[in-house]
Amino acid sequence: MMEAVSLVGQLSGRAGALMNSSEELIARARRGEDEAFRLIFDRYGRPIISFIYDMVGRRDLAEELAQETFVRAYKNLKALRDDSKLSTWLFGIAKNVARESLRYKHRETDKVAIDDDRVIELSDGKLPPDRQLLDKELNGVIRDALGALDEDKRLVFTLKIFQQRSYEEIAEITGSSIPKLKTDLHRARAEMRRRIQPYLGASFGS
Amino acid sequence: MKCEECQTLIEEYVDGGPHKIGQKAGALVNAHVAACSQCASFREGLIREQAIYARYERDVEVTPMLWSSIEARIKTERAAKPAGLFSRLREQMLGMFAAPRLSPAVAFALVLIAIAVTVIVMTRLNPGGREVAKNNSNVAVPEAGGSSGNRNPGSPFAGSGEIAKTESPTVAPPNQVKVSAPRKAPATTAPTPAQLVREAEQKYVTAIAMLSRDVNRKRSQLDPMMLARFDSALGDIDRTIKDTRRVVRENPEDPIALQYLLAAYSKKVDVLRGMSASTD
Numbered sequence: 028m029m030e031a032v033s034l035v036g037q038l039s040g041r042a043g044a045l046m047n048s049s050e051e052l053i054a055r056a057r058r059g060e061d062e063a064f065r066l067i068f069d070r071y072g073r074p075i076i077s078f079i080y081d082m083v084g085r086r087d088l089a090e091e092l093a094q095e096t097f098v099r100a101y102k103n104l105k106a107l108r109d110d111s112k113l114s115t116w117l118f119g120i121a122k123n124v125a126r127e128s129l130r131y132k133h134r135e136t137d138k139v140a141i142d143d144d145r146v147i148e149l150s151d152g153k154l155p156p157d158r159q160l161l162d163k164e165l166n167g168v169i170r171d172a173l174g175a176l177d178e179d180k181r182l183v184f185t186l187k188i189f190q191q192r193s194y195e196e197i198a199e200i201t202g203s204s205i206p207k208l209k210t211d212l213h214r215a216r217a218e219m220r221r222r223i224q225p226y227l228g229a230s231f232g233s
Numbered sequence: 198m199k200c201e202e203c204q205t206l207i208e209e210y211v212d213g214g215p216h217k218i219g220q221k222a223g224a225l226v227n228a229h230v231a232a233c234s235q236c237a238s239f240r241e242g243l244i245r246e247q248a249i250y251a252r253y254e255r256d257v258e259v260t261p262m263l264w265s266s267i268e269a270r271i272k273t274e275r276a277a278k279p280a281g282l283f284s285r286l287r288e289q290m291l292g293m294f295a296a297p298r299l300s301p302a303v304a305f306a307l308v309l310i311a312i313a314v315t316v317i318v319m320t321r322l323n324p325g326g327r328e329v330a331k332n333n334s335n336v337a338v339p340e341a342g343g344s345s346g347n348r349n350p351g352s353p354f355a356g357s358g359e360i361a362k363t364e365s366p367t368v369a370p371p372n373q374v375k376v377s378a379p380r381k382a383p384a385t386t387a388p389t390p391a392q393l394v395r396e397a398e399q400k401y402v403t404a405i406a407m408l409s410r411d412v413n414r415k416r417s418q419l420d421p422m423m424l425a426r427f428d429s430a431l432g433d434i435d436r437t438i439k440d441t442r443r444v445v446r447e448n449p450e451d452p453i454a455l456q457y458l459l460a461a462y463s464k465k466v467d468v469l470r471g472m473s474a475s476t477d
């Protein structure tokens with residue numbers, strides 16, 4: 028098996044970059060070329076599944092919802108009016124899919140569950156405040172903090188901070204006004220900050 | 198300028214760059230920050246915060262399984278339109294494979310079918326190469342210096358990253374394989390190698406999905422160390438599958454790439470079966 032793994036790099040060397048434009052891919056996919064839709068998935072699969080994961084907090088559910096997102100996108104490709112906004116459109120579908128799932132889940136709990144290897148106690152005093160923030164513990168803290176945000180704040184925070192979307196794009200994706208987005212983001216930031224405070228140093232946000 | 202107003206502008210600046218707040222407001226913010234330690238601290242903290250979020254890593258991957266599932270659903274959707282006999286049969290088959298729970302025995306049977314299809318595929322890919330067919334009887338990725346000796350010791354590919362077309366004596370180079378060469382038999386409806394590979398791949402994917410479900414149910418029974426090792430191996434294999442798939446997409450008739458893709462699936466089935474068996 029290790030040999031198989033070692034082959035990967037060599038095989039990867041043969042794989043060229045995918046140079047097609049989104050508009051071209053959409054046109055081909057609309058004509059029924061499955062390969063074109065596959066390339067769309069290759070291009071946007073990772074950001075979409077990351078976004079959904081940030082929204083729902085569970086890996087297995089994120090995969091399931093990403094699947095649903097791309098199937099809906101495929102079925103509704105003709106409804107995409109501006110081909111240059113494929114990415115925004117996909118995020119919009121993903122947002123709807125994630126929200127539907129969250130509404131269903133909210134019947135059971137008010138908070139997004141977070142999976143597995145999890146969260147540390149922030150107050151245990153064992154972590155030095157200036158510790159490097161790349162470790163799993165901090166990832167767990169961020170996931171937990173995200174899960175504790177309400178849905179609107181989590182949505183805007185994820186799109187703005189993690190997906191680097193502009194306010195205009197987020198407004199298109201969410202249907203919210205830009206002032207509301209700014210307010211939600213400001214509050215989301217403050218809540219997140221409280222949770223990651225021990226990692227930021229004592230002087231911040233006082 | 199009040200601190201609250203200044204901090205809002207600092208956030209906008211960090212979010213959208215200087216053009217978001219304009220030159221005039223930018224100058225005001227700078228002047229305020231220079232005189233206000235609290236806002237200066239806020240700005241530094243915000244930048245550190247951004248750095249933390251930029252490094253955030255999620256435990257989520259785009260697996261080859263994800264695309265396979267999407268593709269299968271798209272095909273189902275498409276097949277739902279015509280209501281011919283073939284379509285109905287196909288849907289029934291898909292429905293059977295999508296059944297939420299099938300026993301590992303059924304999964305194993307599917308794997309055997311997939312292996313048989315693989316052997317056929319490889320035989321077709323290399324019409325004169327009996328040795329390939331023989332060596333494919335154990336579809337697994339060849340071990341370095343393995344007893345079958347069908348490859349050079351070490352990598353079967355050239356160091357440059359290109360597949361070595363002449364190094365492997367028993368696998369015909371891609372440019373010599375007449376994948377679509379007409380056969381003597383009329384066989385006008387015979388599936389192409391690419392179709393056979395796709396069929397084999399689907400069977401592997403189905404088997405893997407079933408085994409994965411079985412393994413997921415048993416995860417808590419596995420020794421954590423062993424589980425970690427299994428998960429690591431699965432991660433490696435998933436990456437292999439992803440990359441080989443990419444190569445196959447670019448070179449759909451490259452027999453070596455196809456062989457390695459199916460071998461990687463086979464290996465994943467082996468690992469999942471190992472995981473499942475270790476809890477029995």
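Residue numbers (the working numbering), protein chains in the order written: chain H, 28 to 233; chain A, 198 to 477.
Heads up, the beta-carbon is just placed ideally off N, CA and C, and yes, glycines get one too.
query, result
"Rounded Cβ spacing between H/F118 and H/I188 (contact assumed at less than 8 Å)", "Rounded, the Cβ-Cβ distance is 14 Å, inconsistent with contact."
"Assigned exposure category for A/E447 - 16 Cβ within 10 Å defines buried", "exposed"
"N-terminal and C-terminal residue of the alpha helix (DSSP H) that H/K209 is part of", "205-227"
"Contact set for A/K439: own chain, Cβ-Cβ below 6 Å, skip 5 residues either direction", "P261"
"Cutoff 7 Å: H/S77 Cβ touching any chain A Cβ", "yes"
"Spatially closest choice to H/Y80 from A/R443, A/R426, A/I249, A/E254, by CA coordinates", "A/E254"
"Contacting residues, own chain, Cβ-Cβ under 8 Å from H/T96 (five flanking each side not counted)", "I75, I79, L117, I120, A121, V124"
"For H/L165 and A/I207, the rounded distance between their alpha carbons", "25 Å"
"Where the segment 241-258 of chain A meets chain H: residues whose CB sits under 9 Å from a CB there", "E241, G242, L243, R245, E246, Q247, A248, I249, Y250, A251, R252, Y253, E254, R255, D256, V257, E258"
"Chain H contact for A/R270 (CB, 7 Å cutoff)", "yes"
"Counted within 10 angstroms of its Cβ, other Cβ atoms place H/I197 as buried (16 or more) or exposed", "buried"
"H/M82 versus H/A215, H/R126, H/T210, residue with shortest Cα-Cα distance", "H/R126"
"Partners in chain H for A/D212, counting only beta-carbon separations shorter than 7 Å", "K187"
"Local Cβ density within 10 Å of H/I27, reported as buried at 16 or more and exposed below that", "There is no way to answer for residue 27 of chain H, as the model of chain H reaches only from 28 to 233."
"Boundaries of the alpha helix (DSSP H) in which H/N60 is found, first to last residue", "Looking at the sequence itself, residue 60 of chain H is Glu, so the reference to Asn does not match. No alpha helix (DSSP H) contains H/E60, which DSSP labels as neither H nor E."
"A/I267 at chain H interface by Cβ criterion, 7 Å", "yes"
"DSSP three-state assignment for A/G351, whether helix, strand or coil", "Low confidence applies here, because A/G351 scores a pLDDT of 34, under 50, leaving its location unreliable; read the following figure in that light. Coil, per DSSP."
"Contact with chain A by H/Q94, beta-carbon distance below 7 Å", "yes"
"Against chain B: residues of the segment 103-137 of chain H by CB proximity under 8 Å", "Going by chain labels, chain B is absent from the structure shown, which instead holds the protein chains H and A."
"Nearest-angstrom Cα separation, counted from A/R443 out to H/A42", "Residue confidence for H/A42 is low, a pLDDT of 38 falling below 50, so the modelled location carries little weight and cannot support an answer."
"Minimum Cβ-Cβ distance from H/F68 to chain A less than 7 Å", "yes"
"C-beta neighbour in chain A for H/A89, strict 7 Å", "yes"
"The alpha helix (DSSP H) enclosing A/V466, as first and last residue numbers", "452-474"
"Distance between A/Y401 and A/A525 (C-alpha atoms, nearest Å)", "Residue 525 of chain A is absent from the model: chain A starts at 198 and stops at 477."
"C-alpha distance - A/Q418 paired with A/D256, whole-angstrom precision", "22 Å"
"Nearest-angstrom Cα separation, counted from H/G202 out to H/R70", "24 Å"
"Endpoints, alpha helix (DSSP H) assigned at A/K439", "421-447"
"Range covered by the alpha helix (DSSP H) that runs through H/E239", "This structure gives no information on residue 239 of chain H, because the portion of chain H shown stretches from 28 to 233."
"is_contact[A/L263, chain H] using C-beta, thresh 7 Å", "yes"
"Below-7 Å beta-carbon distance, H/L227 vs any chain A residue", "yes"
"Cβ pair count under 8 Å reaching 3, the segment 259-274 of chain A against the segment 397-416 of chain A", "yes"
"Local Cβ density within 10 Å of H/R108, reported as buried at 16 or more and exposed below that", "exposed"
"Neighbour flag for H/R181 against chain A, beta carbons, 7 Å", "no"
"Beta carbon proximity, H/Y80 to chain A, threshold 7 Å", "yes"
"Reduced DSSP secondary structure (H/G/I, E/B, other) of H/M82", "helix"
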